[in-house]
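S.K.: Protein chains in written order, with this note's numbering: chain U, 3 to 116; chain X, 19 to 126.
Glycine included, C-beta positions come from ideal geometry on N, C-alpha and C.
Quick one: the structure is below, and I'll ask about it shortly.
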């Protein structure tokens, strides 16, 4: 099925470990983004990309790195996990950078850092 | 800085009622507004997208309106059902800035 695929669905990390959250879309969308969702804080933008080779920071970028080598993939890297990064992470994509065509979201990755 | 507010934060209604969820935003220079549904432990499902030039969009029992000048949008749900129970989120572009959501419970 066409859409946004996130892996893994669940992950437990120890403080200081690194990992990559994967995000792939097969809709040829130019725009991709990462959000984290925390109780009482809503969804907050971490990083976004308007096309292959182009990335930029969102509202809460510290502690996260991204790259966009292909149109389809937009991985999110945690270099040294901290308990404050415990959250649910969502990847989204859109045909246009301004979201003129609406956004499609993945099913999320639930990350716990102990 | 764009800020999005949703009122009420939670709502409980008996089955069959018509209801309205509210969304307000501080900067009227938006490209569009999108309403999402989120079930517990799940991702976001897009319900309706209203472009900045449009006044409303309809899908089945759902109708969303947009008044850009006043910075408001409403989501109208007709003849509510227990299956409508979920959290409803509105978000504005550019940047897709979200409100905190309204958690709806429809009682049988």
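(1) Within 10 angstroms of its Cβ, does residue 119/X collect 16 or more other Cβ (buried), or is it exposed?
(2) Could you check whether the Cβ of residue 64/X sits closer than 8 Å to any Cβ belonging to chain U?
(3) Within its chain, find whatever has a CB closer than 8 Å to the CB of residue 86/X; leave out the 5 residues flanking it on each side and keep chain order.
(4) For residue 32/X, which three-state DSSP category applies?
(5) Listing by chain order, which chain X residues have their CB less than 9 Å from the CB of residue 53/U?
(6) Can you tell me the Cα-Cα spacing of residue 38/X and residue 95/X, whole angstroms?
(7) Is the segment 31-39 of chain U touching the segment 20-27 of chain X in the sense that three or more CB pairs, one from each, lie closer than 8 Å?
(8) With 8 Å as the threshold, decide whether the Cβ of residue 105/U is near any Cβ in chain X.
(9) Strictly under 8 Å for the Cβ-Cβ distance: is residue 45/U near chain X by that measure?
(10) Where do the N-terminal and C-terminal ends of the beta strand (DSSP E) with residue 76/U fall, by residue?
(11) Using 8 Å as the threshold, is the C-beta distance between residue 56/X and residue 62/X below it?
(12) Under the assumption that residue 117/X contacts residue 44/U (Cβ atoms under 8 Å), give the Cβ distance between them as a whole number of angstroms.
(13) Taking 8 Å as the threshold (beta carbon to beta carbon), is residue 116/X in contact with chain U?
(14) Suppose contacts are defined by Cβ-Cβ distances below 8 Å. Is residue 93/U in contact with residue 108/U by that definition?
(15) Can you tell me whether residue 116/U is buried or exposed? The criterion is at least 16 other CB atoms within 10 Å of its CB, across all chains shown.
(16) Please report whether the beta-carbon of residue 92/U lies at a distance below 8 Å from any beta-carbon of chain X.
(17) Pull up the distance between the alpha-carbon of residue 21/U and that of residue 110/X, whole angstroms please.
(18) Quick one: complete beta strand (DSSP E) runs, 3+ long, within the segment 83-124 of chain X?
(19) In terms of DSSP beta bridges, what is residue 40/U paired with?
(20) Going along chain X, which residues have a C-beta under 8 Å from residue 89/U?
(21) To the nearest angstrom, how far is the alpha carbon of residue 5/U from that of residue 60/X?
(22) Let me know the secondary structure DSSP gives residue 87/U once reduced to three states.
M.R.: Here's the rundown:
(1) Result: buried.
(2) With 8 Å as the cut-off, residue 64/X counts as an interface residue toward chain U.
(3) Contacts found: 46, 48, 70.
(4) Strand at residue 32/X.
(5) None at all; the shortest Cβ gap to chain X is about 15 Å.
(6) Whole-angstrom Cα-Cα distance: 6 Å.
(7) Contact between the segment 20-27 of chain X and the segment 31-39 of chain U is absent, because fewer than three Cβ pairs lie under 8 Å.
(8) Chain X contact via Cβ: present.
(9) Contact with chain X is found for residue 45/U, since one of that chain's Cβ atoms lies less than 8 Å from the residue's Cβ.
(10) Unbroken run through residue 76/U: none, as it is neither H nor E.
(11) In this structure, residue 56/X places its C-beta atom within 8 Å of the C-beta atom of residue 62/X.
(12) Contact holds; Cβ gap of about 7 Å.
(13) Yes - at least one Cβ of chain U is within 8 Å of the one on residue 116/X.
(14) Contact flag set, yes.
(15) Exposed, because fewer than 16 other Cβ atoms sit within 10 Å of the Cβ of residue 116/U.
(16) Closer than 8 Å to some Cβ of chain X, the Cβ of residue 92/U qualifies, so yes.
(17) The straight-line gap from Cα to Cα measures roughly 31 Å.
(18) Given a length threshold of 3 residues, each whole run of the beta strand (DSSP E) inside the segment 83-124 of chain X is given here in chain order: 90-95, 104-111.
(19) Paired residue(s): 44/U.
(20) What residue 89/U touches in chain X: nothing, since even the nearest Cβ is about 14 Å away.
(21) Computed Cα separation, rounded: 15 Å.
(22) When secondary structure is reduced to three states using DSSP, residue 87/U falls in the helix class.
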